[in-house]
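Asker: What the sequence shown shows, in my numbering, is residues 1 to 438, in sequence order.
No residue lacks a Cβ here, since even glycine has one placed at the ideal position from N, Cα and C.
One structure, pasted below without further comment.
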Amino acid sequence: MYDIIYIGGGLNYAGAIVAAKNGKKVALIERDMNQLGGVCLHKGCIPSKMFLHYSNVVYESQSEIVDGSLSLNQATLFDKKDALLKSVTKVVKQQCSHIELIEGDAKLIAPYKVAVNGEILEAKYVVMGTGSSTFIPNGIEYNAKDIITSDEVLNLKELPKNIAIYGVGAIGLEMASFFATAGVGVTLVNRHDKIMKKAHEKISGALQTQLEKLGVNILQNHTIESAKSTKRGVHISYEDGSSNYFEMLLVATGRRANVDVIACDEVEVGRGIVTDEYFETTLQDHFAIGDCNAKVQLAHAARAEVLNVTERILGKNPRTLRLEHIVKFIHTLPMSYASVGKTKSELKKEKTAYKESLVTLNQFTYSVYNHASKGIMVSYVDNEGFILGAEILAPHAEELIATVAMSLAGEMDKEQAKRTILAHPTFSEALERTFYKL
C-alpha cells in the first residue's frame with residue numbers, strides 16, 4: 001500500500017518529490033522513463049525556446065550595422081538540444097531517487113486501485129497527470145516525416161526550404177517565427193479571419209504585422225480539407241477548392257487531454273478528466289492535474305496544480321489556485337505576447353466594468369534597436385482601481401508580465417502600483433506608465 005501513486009511522469013514528478021521528502025511512500029508511474037519530465041522538457045517549451053533563441057541570433061545579425069551573414073546550423077542545434085535534454089533528464093531522475101519509479105501503462109481500474117504491468121497497486125491517494133496529445137484533423141494523412149506535429153518538429157536535423165503550418169495557437173505562431181527567422185519560407189494557414197482572436201485587437205494586428213515583416217505568408221479563412229504526401233511534396237487541398245504543394249506540413253491544431261488512464265465509472269470524463277477547484281475528481285482522494293484536466297494546458301500550470309494537490313494531501317491547507325492568475329505567453333519573434341489575469345476579450349464577455357490603459361512602445365527610444373516600435377502594453381483595473389490584468393506585446397513579454405502577476409497575487413490597486421519605480425531604459429517603464437495613465 002502506497003500513500004500516493006502519481007500516474008504520469010511530466011510535472012507530476014514535482015509533487016512526488018515533495019511528498020517523498022515529507023515521508024510519504026510514493027510511486028511514480030510513467031509509460032516511458034526516457035520521457036520523464038514530460039512533453040514540455042522533451043518535445044515542447046524547453047527545446048522550442050532553445051530553437052527560438054538561436055534563430056533570433058540569426059535574425060539580429062541581419063541588421064545593417066553587422067557585416068557578413070549568419071545561417072543556422074540545424075544539425076549542430078539538434079545535437080546541442082539532445083545533449084541538454086539528456087542532461088536535464090538525468091538530473092530529474094536523481095531528484096526522484098527517493099521515489100519508486102515504475103515504467104508502464106497505468107489504468108485506474110477501481111477506487112484506490114491502479115493496474116500496471118499485470119499488477120494491481122493500491123494507494124490512499126491517486127494523482128493523475130497524464131498530459132495531452134496532438135490533435136490531427138480528419139483528412140490530414142500524418143506520417144511523422146513530411147506531415148509532422150510538434151512531436152517531430154523539434155527533432156529536425158535539416159530545415160526544409162518551405163513549410164506550411166496549420167494552426168495559429170502557441171505552437172503554430174512560435175514555429176512560424178522560428179522557421180521564418182531561420183530563413184525558411186513559411187505559410188501560416190488559419191481557419192479564421194485573423195490571428196490571436198482573444199488578444200487585444202491592437203496587439204492582434206501588430207503581431208500579424210510582425211509575422212508578415214518576417215516574411216510569413218498568412219492564409220486567412222482557409223480550412224484544410226485534405227493533406228497527403230506525394231513525390232512532388234505535401235499536397236494540401238482547402239475547403240474553398242484551392243490547393244498547393246509544400247515541402248513539409250506542420251499540424252499545430254491543438255492538443256487533446258489524455259484520459260485513457262480512466263478505466264472505472266466513478267471518475268467523470270468530459271473534455272478532460274473532470275475536477276473541482278481543488279483538482280479532485282468525482283471520486284474522492286483521486287486528483288487530475290495538468291493538461292489531462294483540460295483547464296490550462298501549460299507546464300507551469302501543471303506544476304502549480306500538482307504542488308497544490310500534494311500540499312492538500314499533506315494537510316497543509318494551501319490557498320485555492322486562481323487559474324486566471326497563471327501567466328500565459330506565446331514566444332514569437334522579435335516580440336512575444338503575454339497576458340495574466342483578465343484580458344479585454346474576457347472582460348467584455350463577462351460584462352465586467354473596467355478601465356483600460358494602453359501605451360505604445362514607439363514612445364520609448366529603447367524600442368528603436370529592439371525591433372519593438374509596434375509593441376504595446378495594456379493594463380486593466382476595475383472601478384475601484386484594483387488591477388484586473390494586463391496584455392503585453394514586447395521583447396521578452398513573458399518576463400515583463402511578472403510584475404503584473406505579482407500585483408494580482410498581492411491584490412494591489414493602481415495607486416500601489418504607481419509606487420513602483422522601474423529601471424530606465426527598459427520596457428518595464430512602459431508598464432509603469434500604463435498604471436499612471438489609469
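Taking only three categories from DSSP, how would you classify arginine 191?
Answerer: Residue 191 sits at position 191 when you count from the first residue of the sequence shown. Coil, per DSSP.
Asker: Under the three-state reduction of DSSP, which class applies to arginine 454: helix, strand or coil?
Answerer: An answer regarding residue 454 cannot be provided, because it is not within the stretch 1 to 438 covered by the chain.
Asker: What number of angstroms, rounded off, separates the C-alpha of glutamate 311 from the C-alpha of alanine 123?
Answerer: The count along the sequence shown starts at 1 and reaches residue 311 at position 311. The count along the sequence shown starts at 1 and reaches residue 123 at position 123. Their Cα atoms are separated by approximately 17 Å.
Asker: Helix, strand or coil for isoleucine 17? Go by DSSP, reduced to three states.
Answerer: Counting from 1 along the sequence shown, the entry for residue 17 is found at position 17. Here isoleucine 17 sits in helix by DSSP.
Asker: Just the C-alpha distance for lysine 43 and alanine 27, rounded to the nearest angstrom, thanks.
Answerer: Start at 1 with the first residue of the sequence shown, and residue 43 comes out as number 43. Start at 1 with the first residue of the sequence shown, and residue 27 comes out as number 27. Taking the straight line from one Cα to the other gives about 24 Å.
Asker: Grouping DSSP H, G and I as helix and E and B as strand, with all else coil, what is arginine 312?
Answerer: Counting from 1 along the sequence shown, the entry for residue 312 is found at position 312. Here arginine 312 sits in helix by DSSP.
Asker: Measuring alpha carbon to alpha carbon, tell me which of Val381, Glu411, Leu358 ends up nearest glutamate 429.
Answerer: Numbered from its first residue, the sequence shown carries residue 429 at position 429. Comparing Cα-Cα distances from glutamate 429 to each of Val381, Glu411, Leu358, the minimum goes to Leu358.
Asker: Quick one: using the 10 Å Cβ neighbour count with 16 as the cut-off for buried, is glycine 315 buried or exposed?
Answerer: Counting from one through the sequence shown, the residue named residue 315 turns up at place 315. So glycine 315 ends up on the exposed side.
Asker: Rounded to whole angstroms, what's the CA-CA distance from valine 378 to phenylalanine 427? Just pull it up for me.
Answerer: Position 378 of the sequence shown, counted from the first residue, corresponds to residue 378. Position 427 of the sequence shown, counted from the first residue, corresponds to residue 427. Straight-line Cα distance between these residues: approximately 13 Å.
Asker: Report all residues from its chain with a CB closer than 8 Å to the CB of arginine 232; omit the five preceding and five following residues, and keep chain order.
Answerer: Counting from one through the sequence shown, the residue named residue 232 turns up at place 232. Once the five neighbours on either side are set aside, the close Cβ partners of arginine 232 are Tyr245.
Asker: Can you give me the Cβ contacts of proline 318 inside the same chain, cut-off strictly under 7 Å, excluding the 5 residues immediately before and after it?
Answerer: Here the question's residue 318 lines up with position 318 in the sequence shown. The residues are Asn308, Glu311, Arg312.
Asker: So, glycine 410 versus serine 339, is the Cβ gap smaller than 8 Å?
Answerer: As a working note, residue 410 is residue 410 in the sequence shown. As a working note, residue 339 is residue 339 in the sequence shown. In this structure, serine 339 does not lie closer than 8 Å to glycine 410 by Cβ.
Asker: Check whether the Cβ atoms of threonine 181 and leucine 77 lie closer than 8 Å to each other.
Answerer: Position 181 of the sequence shown holds residue 181. Position 77 of the sequence shown holds residue 77. Cβ atoms of threonine 181 and leucine 77: not closer than 8 Å.
Asker: Among the candidates Ala176, Lys194, Pro111, Phe329, whose CA atom is the shortest distance from the CA of valine 296?
Answerer: Within the sequence shown, the letter at position 296 stands for residue 296. When only C-alpha atoms are compared, the closest one is Phe329.
Asker: Are the Cβ atoms of alanine 20 and isoleucine 99 separated by less than 8 Å?
Answerer: Position 20 of the sequence shown, counted from the start, is the residue given in the question as residue 20. Position 99 of the sequence shown, counted from the start, is the residue given in the question as residue 99. Yes; because the gap between Cβ atoms is below 8 Å, this pair is in contact.
Asker: Cα separation between glycine 10 and aspartate 67?
Answerer: Locating residue 10 in the sequence shown gives position 10, counting from the first residue. Locating residue 67 in the sequence shown gives position 67, counting from the first residue. Distance between the alpha carbons of glycine 10 and aspartate 67 is about 44 Å.
Asker: Could you tell me which of Ile203, Cys292, Lys113 sits nearest to lysine 374, measuring between CA atoms?
Answerer: Position 374 of the sequence shown, counting from 1, holds the residue named residue 374. Ranking the options by Cα distance to lysine 374, first place goes to Ile203.
Asker: Are three or more beta carbon pairs between the region 225 to 240 and the region 342 to 350 nearer than 8 Å?
Answerer: No, the region 225 to 240 is not in contact with the region 342 to 350.
Asker: Go ahead and pull the three-state DSSP assignment for aspartate 159.
Answerer: Position 159 of the sequence shown, counting from 1, holds the residue named residue 159. For the sequence presented, residue 159 should be read as leucine rather than aspartate. Coil, per DSSP.
Asker: So the candidates are Ala176, Leu207, Lys197, Thr223; which of them puts its Cα closest to the Cα of asparagine 190?
Answerer: As a position in the sequence shown, residue 190 is number 190, starting the count at 1. The candidate whose alpha carbon is nearest that of asparagine 190 is Thr223.
Asker: In terms of residues, what are the limits of the beta strand (DSSP E) holding alanine 27?
Answerer: Working through the sequence shown from its first residue, we reach residue 27 at position 27. It spans 26 to 30 - the beta strand (DSSP E) in which alanine 27 sits, taken as one unbroken run.
Asker: Whether or not the region 268 to 276 and the region 194 to 203 are in contact is what I'm after, with contact meaning three or more pairs of Cβ atoms, one per stretch, closer than 8 Å; do they touch?
Answerer: These segments do not touch.
Asker: Taking the alpha carbon of histidine 396 as the reference point, which residue from Val327, Asp285, Ala257, Ser69 has its own alpha carbon closest?
Answerer: Your numbering for residue 396 matches position 396 in the sequence shown. Taking only the C-alpha atoms, the option nearest histidine 396 is Val327.
Asker: Once the 5 residues before and after aspartate 151 are set aside, which same chain residues still bring their CB inside 7 Å of it?
Answerer: Within the sequence shown, numbered from 1, the residue matching residue 151 stands at position 151. So the list reads Lys43, Thr134, once near-sequence residues are dropped.
Asker: Compute the Euclidean distance between the alpha carbons of tyrosine 304 and tyrosine 6, then round it to the nearest angstrom.
Answerer: In the sequence shown, the residue the question calls residue 304 occupies position 304. In the sequence shown, the residue the question calls residue 6 occupies position 6. With the sequence shown as reference, residue 304 is identified as alanine, and tyrosine is not the correct amino acid for it. Alanine 304 and tyrosine 6: Cα-Cα distance of roughly 15 Å.
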